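Sequential numbering from 255 applies to the sequence shown in this note's numbering. Built from N, CA and C at the ideal position, the CB exists for glycine as well. Predicted model, so just to flag it, every value in this text is computed and none were measured. Everything on this sheet refers to the single structure shown next.
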Amino acid sequence: MIVIAVLAMPFCLYFVRTDWMSALRSNTAGKLYGHDISAIEIERGGRLFQLARNLGMSELLTELLGQWHPQRAKTQSEAEREAGQEFAIDLMILRHEAEALGIRPTTTEIAAVVTKIRAFRGDGGSFNLKKYNDIVQNALGPLGISEAQIEELAGDQIRLDRVRELVSTGVTVSQAESRTTFEQIYSKFEVSVVRFKTGDVANEVKISDDEIAKYYEGAKEQLKSEEKRKERIDALQKLSDKANDVAQALVEKNVDFAGVAAKFQLPIKTTGDFTQATPDPELKQDSQLIQASFQLSNDEPTSEPIQEADGFYILHLVGIAPARPLILEEAKPKIVEALKARKERELVSIRAASVAHDLGEALKAGDTLAKAAQKLNLKLERLPPFALADELEPKASPPPDKVSDLPIIKNAVADLHSNEVTDPIPTSDGALVAVVEKRDPPDAAVAAANRASLEERI
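So this is what it looks like as structure tokens:
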């Protein structure tokens, strides 16, 4: 069992730092290329940073963060959080510049990179499907991500390699290549998609006891209970003149946390047992506090002050109930969930592949998209017209509502022409198939200015 004491202080009682964390208190964390960056985007990039670390993608991390150093972090957990924020911004820059250069990884290229990721290699150094499935099923959920984000990072590795190659070798782009690239990224696409959601097939998936037992035998070493912790929460609302004294007292070697709390007359609240997945309500569902609580150890039981919207907190570790192996009955709900997720995704992938084939054949035979969709009983989602270059230049007016999965849709249709269909595209909640209804050449009225901008970039 872990018990952590949390000291809370209002902002005026300690110090205020101007960094990404203060920006994250609002809906907008900053601007990049003329566009607002939301706090959600920064947090998502931080999760990708953690995923890249877990997967051993050291080259990507080193190239993006090699010259970076923490600016304000005072603890290891703060440094990791700051690194995640920096990684999120660097990733946005990489993707923006790669798009501007016409660099768009293909599905085949991404799959090849995934097979080379260190975490998925077996003892012989080759791709190990079992290790891949274990990580997808057991390690991604706690980060709030799916295998689609593994493919994202693989695509980022390809983008980085291509950009690095261009920068290091220097490239002379011919007029023909420049013209081809220009026409590709400034053409106007009219695209419709068919979405396949795993939730729509959930009732069709059945899991047998034999499948559960087989899964358990193959993964019992990874099937463990979650580590549990407790916390004590001490409020420092009345210590405006002693906040620094409290913080200093807590860094003394072998300090008695309860004694410090008593000395400064701090009331203590105690949480119930909680895990990282189901934190105690006293932590206010705040990801920073939860993350910090699981960074503490018996050697370093007290945290630095942690800045929150309503004050500062100090966490103190009292004890740990470590994770333990689960017996079959305990593991069964988790196994069923993993098997259902796998089968749902497989079923969705099969259906999406079938639709992609049948839709493509119908269009080749001369059917209109509407007629083909009616024959196949498909629900089409028509996207607003777009060009691949829409996000390359800042706009004076705010962009329209974002289309779900638009970046991966753009990547998939980049080389397609009218009445051509993509292969199934994995998404966070299933898959989709995109069809190019129409692809018009760049608008002549703005072609000259756009061409000059592109040629300057490449």
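Closest in C-alpha terms to V421, from the list D463, A352 and P533, comes A352. With distances taken between CA atoms, A627 lies nearest to A688 out of A688, K588 and D683.
Sixteen is the threshold: when 16 or more other Cβ atoms of the shown chains lie within 10 Å of the Cβ of R335, as they do, the residue is buried. When the alpha-carbon of V417 is set against those of S380, D454, I357 and F341, the nearest one is in I357.
Each residue's CA atom was taken as its position, placing A512 and A408 some 48 Å apart. Nearest neighbour of Q391 by Cα position, chosen from H671, R596 and L686, turns out to be R596.
The beta carbon of R636 is closer than 7 Å to those of S446 in its chain, skipping five residues each way along the sequence. Beyond the five residues adjoining it in sequence on each side, V459 comes within less than 6 Å, by CB distance, of K594, K597 and E598 in the same chain, given in chain order.
DSSP places F511 outside any beta strand (DSSP E); the residue lies instead in the alpha helix (DSSP H), whose first and last residues are F511 to K517. Judged by their CB atoms, V609 and V448 are nearer to each other than the 8 Å cut-off. Non-local C-beta neighbours of K385 in its own chain, meaning closer than 6 Å and more than five positions away in sequence, comprise F374, ordered along the chain. Under DSSP, no beta-bridge partner is assigned to F548. Annotation for V459: no beta strand (DSSP E) segment contains it, and DSSP assigns it neither H nor E.
A direct Cα-to-Cα measurement between A616 and I294 gives close to 41 Å. Fewer than three beta-carbon pairs drawn from the region 435-442 and the region 568-584 are found closer than 8 Å, and the two stretches are therefore not classed as touching. In the DSSP assignment, K442 falls outside any alpha helix (DSSP H) and lies within the beta strand (DSSP E) extending over K442 to K451.
DSSP, reduced to helix, strand and coil, places V572 outside both helices and strands of the structure shown, so it counts as coil. Scanning the region 320-397 from its first residue to its last, the whole alpha helix (DSSP H) runs of 4-plus residues come out as 330-354, 361-368 and 383-392. A546 is not a Cβ neighbour of S682, given a cutoff of 8 Å. Restricting attention to E363, D464 and K451, the CA atom closest to the CA of D415 is found in E363. Under the DSSP assignment, G684 falls in the beta strand (DSSP E) whose first and last residues are G684 to D694. Excluding five sequence positions before and after K451, the CB atoms of its chain that fall closer than 6 Å to its own CB belong to D683 and G684, given in chain order.
Excluding five sequence positions before and after E475, the CB atoms of its chain that fall closer than 8 Å to its own CB belong to P579, given in chain order.
I679: member of the beta strand (DSSP E) spanning I679 to T681, first to last residue.
When Cβ pairs closer than 8 Å are counted between the two stretches, the region 461-470 is seen not to touch the region 659-669, the count staying below three.
Closest in C-alpha terms to P533, from the list Y567, E340, E406 and R483, comes R483. K629 has its alpha-carbon roughly 17 Å from the corresponding atom of A607. Residues of the same chain with a CB within less than 8 Å of the CB of Q530, apart from the 5 flanking positions on each side, are P396, E480, E481, I544 and F548 in chain order. In the three-state reduction of the DSSP assignment, P579 falls in the strand class. The three-state secondary structure of L414, taken from DSSP, is helix. Distances from the alpha-carbon of L642 to those of E591, I589, T435 and G453 put T435 closest. Scanning Y470, S672, L632 and D697 for the CA closest to the CA of G620 turns up S672. Each residue's CA atom was taken as its position, placing K370 and E405 some 12 Å apart. Put simply, of L309, I568 and P535 the residue whose alpha carbon is nearest the alpha carbon of L550 is I568. The beta carbons of Q339 and G300 sit closer together than 8 Å.
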